[in-house]
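Asker: Sharing a structure with you now.
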Amino acid sequence: MATILYMSVVNTPSRIRLLARWYIRTKNVQTSNVLLKHSKVTYLFNRTQRYQRNLPTAWIATLLIFIIKLPYYIKRYSSSLSVTPSEKS
10 MATILYMSVV NTPSRIRLLA RWYIRTKNVQ TSNVLLKHSK VTYLFNRTQR
60 YQRNLPTAWI ATLLIFIIKL PYYIKRYSSS LSVTPSEKS
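Below, the structure written as structure tokens:
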């Protein structure tokens with residue numbers, strides 16, 4: 010019965026944790042350790058997959074914004090730096 014329960018909740022880490030806690034209460038420590046370890050691996054794997062997809066997109070967007078804004082910042086700040094206090098009056 011344990012294998013049937015385990016196979017039915019493999020893809021949902023929170024349910025695996027709940028099932029592992031149930032095994033802890035029933036004193037089946039070895040099975041609970043396996044389930045907890047599997048839930049941690051699944052959680053870490055899902056996080057790394059998410060960052061692998063979104064991180065390059067964020068970098069590309071940041072670089073595009075920087076490249077688009079760069080001429081404006083150069084023009085704005087280079088003109089203010091070239092004026093000396095004696096030239097203002």
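Numbering of the sequence shown is given in the working numbering, commencing with residue 10 and proceeding in unit increments.
Idealized CB from N, CA, C, for every residue including glycine.
Here the structure is a predicted model, which is why all the values come from computation and not from measurement.
(1) Taking the C-alpha atoms as reference points, what is the distance between L64 and L72?
(2) Ordered along the chain, which non-local residues of its own chain (more than five positions away) have a Cβ less than 6 Å from that of V19?
(3) Please state the DSSP three-state secondary structure of I69.
Answerer: Reading it off the structure:
(1) Stepping through the sequence shown from its first residue, residue 64 is reached at position 55. Stepping through the sequence shown from its first residue, residue 72 is reached at position 63. Each residue's alpha carbon lies about 12 Å from the other.
(2) For the purposes of this step, residue 19 is identified with residue 10 of the sequence shown, where counting begins at 1. Low confidence applies to V19: its pLDDT is 47, below 50, so where it sits in the model is not reliable, and the reading given next is rough at best. Closer than 6 Å at the Cβ level, and outside the excluded window around V19, lies no residue.
(3) Reading the sequence shown from its first residue, position 60 is the one you call residue 69. I69 falls in the helix class under three-state DSSP.
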